[in-house]
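Counting in UniProt numbering, the sequence shown runs from 1 upward without gaps.
C-beta: ideal position from N, C-alpha, C; glycine also.
Note that the structure is predicted; figures quoted are calculated from it, not measured.
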Amino acid sequence: MSTILSLETTIKGFDYYIRKISNGEIQIPEFQRDFIWELDNVINLLESIKKNYPIGSFLFWKPIEKFGITKDIGPYELDETQKVAFEKINCQYVLDGYQRISTLFGCLINPSKNSNFILNKKVYDNTFKIFYNLDSEEFETFRGVDKDRESFIVPIYIILDNFDVITQSEKIYKEVENNEIAEIFINRLKRLNTSFTDYKLPSIEIEGGELQEAIDIFTLLNKEGKPISPDWILSAKTYTNSFRLGTLIDEVLEELEQFNFYDKKPRETATRELVFRSIQSSFGTLYLDNKKTDVITLSKKPEFVEVVQKTAKSIIKATKFLFEELLVVDGKLLPAGMQFIFLVEFFNYVDEPSPTQIEKLKEWFWITSFSNYFTIYNPAKRKEAFRVFQEFAKGKIDNPLFNDKPSVKFVVPDLPNKITLGSVRAKTYILFLLNYSNNFNKINFEEVEGYKISKLLSHTFEFSPFFNLDNYNIIVKLDKIDNDSEKRRFKSLIKKKTKDLSYLLDVTFVNELDNLFIDEKMINEYKEKNVENVLSERESLITAAEKSFVEKLNLDHNYFPF
Numbered sequence: 001m002s003t004i005l006s007l008e009t010t011i012k013g014f015d016y017y018i019r020k021i022s023n024g025e026i027q028i029p030e031f032q033r034d035f036i037w038e039l040d041n042v043i044n045l046l047e048s049i050k051k052n053y054p055i056g057s058f059l060f061w062k063p064i065e066k067f068g069i070t071k072d073i074g075p076y077e078l079d080e081t082q083k084v085a086f087e088k089i090n091c092q093y094v095l096d097g098y099q100r101i102s103t104l105f106g107c108l109i110n111p112s113k114n115s116n117f118i119l120n121k122k123v124y125d126n127t128f129k130i131f132y133n134l135d136s137e138e139f140e141t142f143r144g145v146d147k148d149r150e151s152f153i154v155p156i157y158i159i160l161d162n163f164d165v166i167t168q169s170e171k172i173y174k175e176v177e178n179n180e181i182a183e184i185f186i187n188r189l190k191r192l193n194t195s196f197t198d199y200k201l202p203s204i205e206i207e208g209g210e211l212q213e214a215i216d217i218f219t220l221l222n223k224e225g226k227p228i229s230p231d232w233i234l235s236a237k238t239y240t241n242s243f244r245l246g247t248l249i250d251e252v253l254e255e256l257e258q259f260n261f262y263d264k265k266p267r268e269t270a271t272r273e274l275v276f277r278s279i280q281s282s283f284g285t286l287y288l289d290n291k292k293t294d295v296i297t298l299s300k301k302p303e304f305v306e307v308v309q310k311t312a313k314s315i316i317k318a319t320k321f322l323f324e325e326l327l328v329v330d331g332k333l334l335p336a337g338m339q340f341i342f343l344v345e346f347f348n349y350v351d352e353p354s355p356t357q358i359e360k361l362k363e364w365f366w367i368t369s370f371s372n373y374f375t376i377y378n379p380a381k382r383k384e385a386f387r388v389f390q391e392f393a394k395g396k397i398d399n400p401l402f403n404d405k406p407s408v409k410f411v412v413p414d415l416p417n418k419i420t421l422g423s424v425r426a427k428t429y430i431l432f433l434l435n436y437s438n439n440f441n442k443i444n445f446e447e448v449e450g451y452k453i454s455k456l457l458s459h460t461f462e463f464s465p466f467f468n469l470d471n472y473n474i475i476v477k478l479d480k481i482d483n484d485s486e487k488r489r490f491k492s493l494i495k496k497k498t499k500d501l502s503y504l505l506d507v508t509f510v511n512e513l514d515n516l517f518i519d520e521k522m523i524n525e526y527k528e529k530n531v532e533n534v535l536s537e538r539e540s541l542i543t544a545a546e547k548s549f550v551e552k553l554n555l556d557h558n559y560f561p562f
């Protein structure tokens, strides 16, 4: 291992960093993730600078060896000739702060004065073309024609250039009829200019050493901040093989959007980590085994790229399976992330599961959901459960479920007093209602938009020590496209903007109401205005159906009606 030659801290203004990027002294290595900030992130950064809030530091690295560079930074890109020229420069690479430095370069440099880069106008207009409104004192976008823009709406790229600020001030004084207001605008512009030109930003500069040493330093320096992501490390370690893990994960996440499994705002969600953990576990050992699944160790495996690419396909298959077979039509409904990781591993072994395998997987899913399986088992037993599940995927055993005490039934815990998507039991309950409403039938993901939860009655009920009537006051239904006229009529009612769905108790929808746990007794009680009796009856219907369902799974439905 080589030696780190130096580690220094520099504190400079924005013009220093922008100049170094412009002439190629600071560059973006290929292993960096793509620019993912959106307009709100950009404006928030500029607002923080205006208020003199700290925005963190940069981490730069000048190694002995050369790395490939990306041609994009913010809305600008290098042409191939300029990229080749930049690659010959003994530069510093951005290890930390890429989103921020791209934003500063994209917003604060005048497009007409940037000779080394080509402007991507579409990207610039969508994210980086920011103005400061001296009247409202807010950063904003302007989509009109420049000649129609008021002089007090100032392009932010002039703010570091004192000459441009003076020119803009003269324009304001000339165009704003009220001299007193013009003076106010000019003073605000001067203050903004001072805020940006006086702002100093620290950077830590590493010189020498190898990539792993630079990562170690980054991790050490960043202990109190946002931790370095594992896929960033693996991207850095493997990009030289014409493969970039971060890009692959981004592509997978884009695919998952069609299954409502990934929320783009913000893009940094738990789903990204779940995808990475699935990849990490695809080398034979559940990611909980830190030594065997250490990201650096994995990156050195000769089969690394092949395994990861296979797993990427399995992730899509597992998500589609959850959506269509189990009605996990939104990633927020997944009871346990471990279920996803296990299913991905199954599809690593099996491209097209048989009907028997599908039924076994569905049974396994419901058992692990209702019993809170992955919470009651410690890490050692989860790893053993993963091994057993792999044996099932390989066709060596018939049952995918590990049970350390086969003679003891798993217990279904009581519902929490309030149904929220933060509880495994609550999510399982919602999934049960959703599947029941669809007769536990398979769906086509192209025909389903998602799901809806509505109140049957607008009342709020106080919960007893034993159960909360509000838990039985929800209607869960698929939001799907139906061709049948009666179903379309029912769906149109569900979509009505009403405070509740009590109108369902006034109308008889043959077959539909049974699936929603509404019976004739409830309708009669509602006519008599006995709303608590309505929900008590519905509680009995749901509990009986759930109890019957879980007992067929050989689970103990730990519920005592009162």
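For residue i, the residue or residues it bridges with in DSSP
| i | result |
| --- | --- |
| ASP40 | ASP40 is not bridged to any residue. |
| LYS12 | LEU201 |
| PRO413 | DSSP lists no partner for PRO413. |
| ILE69 | PRO29 |
| TYR76 | ILE73 and LEU119 |
| LEU7 | ILE206 |
| ASP556 | VAL411 |
Rounded straight-line distance, which links the Cα of residue j to that of residue i
| i | j | result |
| --- | --- | --- |
| ARG19 | VAL329 | 49 angstroms |
| PHE276 | LEU286 | 12 angstroms |
| LYS418 | ARG425 | 11 angstroms |
| LYS174 | ASP148 | 16 angstroms |
| LEU7 | GLU65 | 17 angstroms |
| GLN280 | LEU415 | 33 angstroms |
| SER369 | LEU469 | 23 angstroms |
| SER354 | PHE347 | 12 angstroms |
| GLY24 | PHE31 | 17 angstroms |
| GLU446 | LYS320 | 11 angstroms |
| GLU254 | THR420 | 27 angstroms |
| ASN444 | GLU324 | 6 angstroms |
| ASP198 | TYR429 | 57 angstroms |
| ILE394 | TYR349 | Reading off the sequence, residue 394 comes out as Lys, not Ile. Whole-angstrom Cα-Cα distance: 6 angstroms. |
| GLY208 | LYS50 | 35 angstroms |
| ILE542 | TYR472 | 8 angstroms |
| LEU343 | TYR157 | 50 angstroms |
| GLU273 | THR375 | 19 angstroms |
Residue i - DSSP class collapsed to helix/strand/coil
| i | result |
| --- | --- |
| LEU59 | strand |
| ILE249 | helix |
| GLU177 | coil |
| GLY106 | helix |
| TYR93 | strand |
| VAL408 | coil |
| TYR262 | coil |
| GLY209 | coil |
| GLY284 | coil |
| ASP330 | coil |
Residue i and residue j closer than 8 angstroms at C-beta
| i | j | result |
| --- | --- | --- |
| PRO379 | LEU288 | yes |
| ILE130 | PHE117 | no |
| PHE410 | ASN399 | no |
| PRO406 | ASN372 | no |
| PHE365 | LEU333 | no |
| THR103 | GLY56 | no |
| LEU553 | SER502 | no |
| VAL252 | ALA336 | no |
| LEU95 | TRP61 | yes |
| GLU345 | GLN390 | yes |
| HIS557 | GLU539 | no |
Residue span of the beta strand (DSSP E) that contains residue i, given as start and end
| i | result |
| --- | --- |
| ASN348 | Unbroken run through ASN348 is the alpha helix (DSSP H), 337-349; no beta strand (DSSP E). |
| TYR451 | 448-455 |
| TYR157 | Element bounds for TYR157: n/a, residue is neither H nor E. |
| THR141 | 138-141 |
| PHE131 | 130-133 |
Opening and closing residue of the alpha helix (DSSP H) in which residue i lies
| i | result |
| --- | --- |
| GLN82 | 80-87 |
| LYS310 | 304-326 |
| LEU541 | 531-552 |
| LEU478 | Looking at the DSSP string, LEU478 is not in any alpha helix (DSSP H); the run it does join, the beta strand (DSSP E), is 474-480. |
| GLU391 | 379-393 |
| ASN524 | 520-527 |
| SER369 | 355-370 |
| THR297 | 295-299 |
| TYR429 | 424-437 |
| TYR503 | TYR503 -> no alpha helix (DSSP H), and no H or E assigned at all. |
| THR420 | Where THR420 is concerned, there is no enclosing alpha helix (DSSP H), given that its DSSP letter is neither H nor E. |
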